[in-house]
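Residue numbers (the UniProt record's numbering): 1 to 178.
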């Protein structure tokens, strides 16, 4: 058996319009653009800082230092032309416990309102199920009505748990059984 037989397979998911796959360092400008487009209510540590960080170079280094696994935020690319438009995937959520990842997605604003977030998330739900996960979590700001609609379409239900952040508002915790 060769050493290639022991290399973990990189996740690659597909839908009729999208391909979800690991990020490439050369795509770090897309991540930087996502950071720059974030709503001003998003806490400062998730936006471009006064010092300009994260830079494109810092984001490229982050991609290199996080190899793909059964968890991860995958690049979402348009199948028709290969343009990367955002990310969707599974994050190792801080709650509720180990083995229950969090669904996360974010798309460039110019690609909103086309159903891409819902479509990509459906593919990730299938990935989670086939990876043996039984439940997923999601957190969303109470003011983020678009993401709340996506999560509702996916079958996530609010748990009633809320977390107040002085700079961002109230974050809601949602759950979905697989």
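Heads up, the beta-carbon is just placed ideally off N, CA and C, and yes, glycines get one too.
- Contact between residue 136 and residue 176 holds: their C-beta atoms lie close to 5 Å from each other, under 8 Å.
- Looking at the DSSP output, residue 75 sits in a beta bridge with 21, 87.
- By the neighbour-count criterion, in which 16 or more other beta carbons inside 10 Å mark a residue as buried, residue 73 falls on the buried side.
- Residue 170 counts as exposed, since fewer than 16 other beta carbons sit within 10 angstroms of its beta carbon.
- The residues 25, 28, in chain order, have a CB closer than 7 Å to that of residue 60 in the same chain once the five nearest residues on each side in sequence are set aside.
- According to the DSSP assignment, residue 35 belongs to no beta strand (DSSP E) but to the alpha helix (DSSP H) extending over 28-37.
- Residue 140 carries a strand assignment under DSSP once its states are collapsed to helix, strand and coil.
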